[in-house]
Amino acid sequence: MADGRNHVPCCVEKGIPDLCQDMCRGEYTPFTDQLKSRVSCVQHTLPGLQCILDNIQKLPSEPQSVSVEPLTERSLQVSWSPPERLAKTVDYYQINATRLHSFDQDSLANSTKDSLISIRASPDQSSAIISNLEPFTMYTVTVSAHNGFGSSLASMRIRALTLENGVVNKQTSVAVVPVLPDVRGCCMKNGVTHRTCLDKMCDPVKADFTEVPDLMVCAPWANITFACLANKMDHTPCCKARGIPDGCLSFCSGTVKAINFNQFKCLQYMSDYSSCLLQGYGVLSGPPSKLKAVLVDPHYVVLEWNPPKILPDTVVSYHLHYRRLGSGEEYSVIEREQSPVIVEDLEAGQYYEAFVVAREIQLEQATPAYNMSACCHASGLLPQCAPLCSYDVKMSDLQKLGNTCRGQIGTIVRCSAGGRNHSPCCARRAVPPKCQSLCRGVITQSPADCLPYAGNIIQCFEEGIGHIPSPVEDLHVTSVTNTSISLAWVPSEVDPNNTDIKASDYLVQYGKVDNMTMYETIIKLENEINTTETEIELNNLEPKALYRITVIARGLHGTSLPSSMLLINTSRTDSASTVYGAPSPPHSLSVSSHSATWITVAWQPPEFSHPHETITYRVIHKVANNFTVIDTRLLWVRIANLQPNTQHIIYVVALGAKGTSLPSETLVAWTDPALPAFVDPPTVHPSDIISEGGSMTILCLALGNPAPTISLYVGGHLVRQDTSRHMITVIHNVTTDMEHISCYADNGYGIPMQASKKVNISFAPRIQASGITVASVGESVDLKCTVRARPIPKTMFWRDHDGRIPVIQGGNFDMSMRNDVDDTSLYTMTLTINKLTAQEVGDYFCHAENALGSSTRAVSVRIRNTAASSNISECCVAQNVSSACMSACSFYIDIESVIDRPECLVDFDKLMKCAADGSDHRGCCASKDVPRRCLNWCRGEPISPAGVCALQHTRTIVGCFQENRERLPGPPQNLHVQNPHTVEGYRVFWHDLEPITDNLSNVISGLGTSRLDAKETSIKLEALKPNVMYELVIKAGNHFGASVLSEPLRFTLGDNHITSASQASNAGVISGIIAGILAIALAIAALVIMKKRRVGQKQANGGVAFENPSYLREMNVEHVQIPAVSGTPGTTDWRQESLHASTGASTTNGTVATTGLGGHDNNSVVPMATEVNPSLYEELKLGHDRAGFKRLVS
1 MADGRNHVPC CVEKGIPDLC QDMCRGEYTP FTDQLKSRVS CVQHTLPGLQ
51 CILDNIQKLP SEPQSVSVEP LTERSLQVSW SPPERLAKTV DYYQINATRL
101 HSFDQDSLAN STKDSLISIR ASPDQSSAII SNLEPFTMYT VTVSAHNGFG
151 SSLASMRIRA LTLENGVVNK QTSVAVVPVL PDVRGCCMKN GVTHRTCLDK
201 MCDPVKADFT EVPDLMVCAP WANITFACLA NKMDHTPCCK ARGIPDGCLS
251 FCSGTVKAIN FNQFKCLQYM SDYSSCLLQG YGVLSGPPSK LKAVLVDPHY
301 VVLEWNPPKI LPDTVVSYHL HYRRLGSGEE YSVIEREQSP VIVEDLEAGQ
351 YYEAFVVARE IQLEQATPAY NMSACCHASG LLPQCAPLCS YDVKMSDLQK
401 LGNTCRGQIG TIVRCSAGGR NHSPCCARRA VPPKCQSLCR GVITQSPADC
451 LPYAGNIIQC FEEGIGHIPS PVEDLHVTSV TNTSISLAWV PSEVDPNNTD
501 IKASDYLVQY GKVDNMTMYE TIIKLENEIN TTETEIELNN LEPKALYRIT
551 VIARGLHGTS LPSSMLLINT SRTDSASTVY GAPSPPHSLS VSSHSATWIT
601 VAWQPPEFSH PHETITYRVI HKVANNFTVI DTRLLWVRIA NLQPNTQHII
651 YVVALGAKGT SLPSETLVAW TDPALPAFVD PPTVHPSDII SEGGSMTILC
701 LALGNPAPTI SLYVGGHLVR QDTSRHMITV IHNVTTDMEH ISCYADNGYG
751 IPMQASKKVN ISFAPRIQAS GITVASVGES VDLKCTVRAR PIPKTMFWRD
801 HDGRIPVIQG GNFDMSMRND VDDTSLYTMT LTINKLTAQE VGDYFCHAEN
851 ALGSSTRAVS VRIRNTAASS NISECCVAQN VSSACMSACS FYIDIESVID
901 RPECLVDFDK LMKCAADGSD HRGCCASKDV PRRCLNWCRG EPISPAGVCA
951 LQHTRTIVGC FQENRERLPG PPQNLHVQNP HTVEGYRVFW HDLEPITDNL
1001 SNVISGLGTS RLDAKETSIK LEALKPNVMY ELVIKAGNHF GASVLSEPLR
1051 FTLGDNHITS ASQASNAGVI SGIIAGILAI ALAIAALVIM KKRRVGQKQA
1101 NGGVAFENPS YLREMNVEHV QIPAVSGTPG TTDWRQESLH ASTGASTTNG
1151 TVATTGLGGH DNNSVVPMAT EVNPSLYEEL KLGHDRAGFK RLVS
């Protein structure tokens, strides 16, 4: 943009500060992550552009093709060509030669400034000779063109070395103590300003990391950097010994003339070059000696060596380099702390080479005397804010830690200033007056307003700590009289080699104050005395007056800030006492935040204090008549546990190392009034669809003072609790029981508040199918599936699982879906088959799907294996039902056709027997409040009288017949069973008849009875007695209930004759009565012991396990014991079906052994039982849990 012209004079006239003049010189300083590079020059951009616009038509551009050739040891010849633009306006050329470095020891010891030689040449000249130069000295030469309006920019710098005028003696001594020279300081003194060049090209330790961009950027200062690295020594012998080629030896001698592309190859030798520099400085240890292979194996070798002879204590480890010869491979490196080393995995029959390098301790250059990090640590800076306590603070760190460390900015600024007054530099670099207090380390307003000038201020800080003296220490009073005060102090420690920061004299400022002005912090007092000593006596003071005294160190480049101040009253006479200075009071006391129960107070650190002094702040808090003292190292404090709407008085003092400051300003603050908690209904995102297994975000907003404690409940469970005004919680893996969400808020005042919201959790369909449905051909069948889904699913029935054969609505099929009234996510899908045919028998599939998924479950319909439909009619005929009442005997008993006909009342016993169809329905009847006197109808037995039962309970009883028709099995008959698909097991009862008579009353009187549970329809009885009459009955059962007892069979083993019990006139009646009573007793008792029996049934061997034997659920109020169902027969009377344990039979490998009358086990005989009426308690339970029937007691 400058186009080769020098616009700096114009920019200076327009008031552009030096930091913003880079544009005027044709340079550009890019912003980096370093905060100090963020220099604000926006307001100077327009004046700079105006200067460029004006001068581009007046000033010539820079001369071209500048070259320098050394003529003699004291002269250089400079050649150039005219400028490309406005060459005719040139009045003269100016040639500048600047001496960069000299290897002459006397010249370096004097530390004189770089000399500048300037000559002028006429506009028609194209070359000139510079004379009177020093031999063997590096010079940088520039040429510029001038006319009446100004000058061009200087040409590119050309480095040249005058010829050698003698042999320079090499330095052969080695430093005893490994201390690096101040190469960086040498570079800075010789004009190197670029930070990258100072970091890499002026550091012998980091020279190994130099890259091509570094050489290109630092090329203008290459002669300076390499000369400073050489440090008055020629390292060429070391470089040659390390194999550095001749083209790179100028690096080692420090006589680099110019950087060209040929020297880029030297970068691969920078490690060796760095080592030679350190070796020349005397800080590098010698090489390890006597390397040898003490053991050689075909695949490994053991190497050992001796430590270096020079500085062996500085070695921390050794690097062993080895490679196979002729392979072209790079060296492999093994790091060990000491020898020997085993090198493994070598190839047999190959030559290897190896060498050992000693690795030194990390060498660091001398740091400046001022340590900013130590100041931050002593001032109580939080550890997480330590990255901001640096002059090289990064913008990324500031953005990341800005909010966290906002309360620590005062400490960072105070330590950055380092007790120096940088105000002149800040004024020179265009820092506005409102921000210049930061240059003294004082924050008077929000520092964010001055952030655009942070780069300007930080650069002043960094420059000032190296040139401005630090503040004095231990200021104290040695004696006091009525008219004089004697002072003494200690100068700060400085680097003896740095004369810039050494104090030239001290300024003692003092002034009289009173009770009103003593709390003010004034930069300059009315009286000032300078002295070069570290003590002084102030005379001619007013008696009985209060004086404020400060001491400032002054150097060549500026002054320090007061490290402390003294308040002395001249009325004192105790001259022997010592009074030390104290920090100035904290200032800018303010309430940063407040609530009903706490107040946060913040302040700024003292303006006058030593940067390394540890300061503790004491906060004095008063409420009513109570005082509270809080000590802290921070610049803020939170006073908690306060009462709402109360007044508080607060002030702060600073406790220094040797004194306490005056109090800060006094702050009066009020806590907020208390407000009860109020909470809004929870906000849930997403607001439309929340899927099961997904995530949802819940926001609870609450108001109140103090801030309430918010509790989040999801599905009735506490999920999170926090004290805040808003709480955001993300719930992962959402489940369907998380529909209810509640936010609860309480702050200890008023009534806690809760706000709830119900959300709909969407989920894929879940189907519960009804299973297998049994029906007869021609019946109407309902296949049902319960579907739970959200949103509402699409449902349909399929004939195959893959969904290729749908069930079509219409004809014999009717499909419907009904939503549950109480549960909106529950649906019942029903497929009705109007008249079941053989083609509709089989599997059907309920299918439901929504946006979140689908589900398919199977339901089945099977044909009931029943007798022909004429069985009911045949039963009615067999029971001699009158012809007038035969209309009720159709496919089912049609009781409605005869219930209003009195002439059919006498046939109701017969109709009920046919309708019961051999099953025991008393459980269903009792659950539907059928009275006890009518229960015999429920199993097909007659009742007397039948009038009330017929009028009031007929429909209920017939309803139980129809409801349980396909559930309960019929009694086994002639090896055939009604509803065989529903039978889950059989119970077989048998006993031997008394030889005298076959009357069943003998059995009731106490004959022994055995029993056996079986799964199949056949059984083998063993251990029977010959020529003994046995009687056997069977009942069928499942988990719904049981059938009545079958017709008894009588048989003997002598002649294999089997006689049916139907021949006995009273056998059927007695067996029916007793079997009904026992069936009820077994069913009720099974409810109590069902779970206890389940394990034993599963482990049964040779028998059948009834998972839920409902025909055992008949009540027995005595202690009930049920033998394990393992095929072992009992010895209980089959007609009584008593549930006492029996031990009269045993089973081996599924074969039953029974014991007849007169068996060996007395327990096989059941005591005589009689039938008694129910108790009052059982009467009350009648019809509710199948209790209240007549029971058998001994």
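When you line the sequence shown up against the UniProt record's numbering, it's residues 1 to 1194, in that order. Every residue gets a Cβ at the ideal spot worked out from N, C-alpha and C, and that includes glycine. Predicted model, so just to flag it, every value in this text is computed and none were measured.
Cβ-based burial, residue i [other Cβ within 10 Å; buried from 16]
i: ARG1093; result: Confidence at ARG1093 is low in this model, with a pLDDT of 41, below 50, so its placement is unreliable and no value can be given for it.
i: VAL948; result: exposed
i: THR723; result: exposed
i: LYS265; result: exposed
i: GLU542; result: exposed
i: TYR300; result: exposed
Residue nearest to residue i in terms of C-alpha spacing, selected from the options
i: ASN645; options: LEU655, THR597, CYS914 and SER126; result: THR597
i: GLN739; options: THR786, HIS726 and SER691; result: For the sequence presented, residue 739 should be read as Glu rather than Gln. Closest by alpha carbon: SER691.
i: ALA154; options: PRO213, VAL66 and TYR580; result: VAL66
i: ARG618; options: PRO469, SER327, LEU662 and ASP909; result: LEU662
i: ALA1042; options: PRO1048, VAL781, VAL1028 and GLU966; result: GLU966
i: GLU896; options: LYS88, LYS910, ARG955 and GLU463; result: ARG955
i: GLY581; options: PRO135, ILE761 and LEU487; result: LEU487
i: ARG242; options: ILE710, PRO287, LEU667 and PRO931; result: PRO287
i: PRO1026; options: LEU1032, SER588 and PHE1051; result: PHE1051
i: CYS375; options: HIS921, ILE615 and LYS36; result: ILE615
i: GLY970; options: CYS925, GLY918 and TRP937; result: GLY918
i: residue 1196; options: LEU382, SER327, GLU1022 and TYR318; result: This structure cannot speak to residue 1196, because the chain is shown only from 1 to 1194.
Where the alpha helix (DSSP H) containing residue i begins and where it ends
i: ALA448; result: Taken as a continuous stretch (DSSP letters only), ALA448 belongs to no alpha helix (DSSP H), as it is neither H nor E.
i: HIS299; result: No alpha helix (DSSP H) holds HIS299; DSSP gives it neither H nor E.
i: GLY326; result: Per DSSP, GLY326 belongs to no alpha helix (DSSP H) and is neither H nor E.
i: THR411; result: 409 to 417
i: ALA602; result: ALA602 -> not in any alpha helix (DSSP H); beta strand (DSSP E) instead, spanning 599 to 604.
i: PRO47; result: 45 to 55
Residue i at chain B interface by Cβ criterion, 7 Å
i: LEU284; result: Going by chain labels, chain B is absent from the structure shown, which holds only one protein chain.
Proximity below 7 Å, CB of residue i to CB of residue j
i: ALA227; j: GLY254; result: yes
i: ALA160; j: LEU76; result: yes
i: SER560; j: ILE552; result: yes
i: VAL141; j: VAL68; result: yes
i: MET753; j: THR795; result: no
i: ARG862; j: ILE805; result: no
Chain-order list of residues whose beta-carbon lies under 8 Å from that of residue i (same chain, five-residue window excluded)
i: LEU401; result: GLN384, CYS385, PRO387 and LEU388
i: PRO83; result: GLY4, PRO60, SER61, GLU62, PRO63, GLN64, VAL90, ALA145 and SER152
i: ARG428; result: PRO17 and ASP18
i: GLY959; result: LYS928
i: SER470; result: ALA369, TYR370, GLY418, GLY419, ARG420, SER492, VAL494, ILE501, ALA553, SER560 and PRO611
Beta strand (DSSP E) segment containing residue i, residue limits
i: SER144; result: 137 to 147
i: ASN569; result: 566 to 569
i: GLY853; result: 853 to 863
i: TYR617; result: 616 to 623
i: ARG1011; result: 1010 to 1014
i: PHE226; result: It is not in any beta strand (DSSP E) - PHE226 instead sits in the alpha helix (DSSP H) that spans 222 to 230.
i: PRO676; result: 675 to 679
i: ILE710; result: 709 to 714
Beta-carbon proximity list for residue i, same chain, < 7 Å, skipping 5 on both sides
i: ILE649; result: LYS622, THR666 and VAL668
i: ALA602; result: GLY407, SER590, SER592, LEU635 and TRP636
i: VAL8; result: GLN21, CYS24 and ARG25
Same chain, Cβ closer than 6 Å to residue i, neighbours up to 5 away in sequence not counted
i: GLY280; result: MET233 and HIS235
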